[in-house]
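For reference, the structure is listed below as structure tokens.
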Amino acid sequence: SVRKVLQFALANDAARIIIAHNHLNGDALPSDDDLRTTLALYTALGAVNIQLDDHIIVIENDHISFAQSGYLSYIRKIAEEETK
Numbered sequence: 359s360v361r362k363v364l365q366f367a368l369a370n371d372a373a374r375i376i377i378a379h380n381h382l383n384g385d386a387l388p389s390d391d392d393l394r395t396t397l398a399l400y401t402a403l404g405a406v407n408i409q410l411d412d413h414i415i416v417i418e419n420d421h422i423s424f425a426q427s428g429y430l431s432y433i434r435k436i437a438e439e440e441t442k
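Numbering (our numbering), first residue to last: 359 to 442.
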């Protein structure tokens, strides 16, 4: 949950974090829920000056990195639009 990640980051005096989770369905592409949660986390972390460096989704023989695939740039763009 966003709250638990934020609490953990604050408790450990983090300046930057990378999150990861697995998909059991065999598809590493982010779901709509993954995108919504990443946006909420990016926004919450940004409010306390912690940078989200990446969100990685892992499957049995593959993974996807939000940073490398452009999803993180997409999340940043949406967050910037929401603050205007």
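The C-beta atom is built at its ideal place from N, Cα and C for all residues, glycine as well.
How many Å lie between Thr401 and Asn380 at the Cα? A straight line joining the alpha-carbon of Thr401 with that of Asn380 spans about 22 Å.
Taking all protein chains shown into account, do 16 or more other C-beta atoms lie within 10 angstroms of the C-beta of Thr441, making it buried, or fewer, making it exposed? Counting the other CB atoms within 10 Å of its CB gives Thr441 a total below 16, which places it among the exposed residues.
To the nearest angstrom, report how far apart Ser389 and Thr396 are at their CA atoms. If you take the alpha carbons of Ser389 and Thr396, they lie about 11 Å apart.
Could you work out which residue in Leu364, Ser423, Leu403 is closest to Ala378 when comparing CA atoms only? Considering only alpha carbons, the answer is Ser423.
Secondary structure of Ser423, DSSP reduced to three states: Three-state DSSP puts Ser423 in a strand.
Tell me whether Val416 is buried or exposed, calling it buried when 16 or more other Cβ atoms sit within 10 Å of its Cβ. Flag for Val416 reads exposed.
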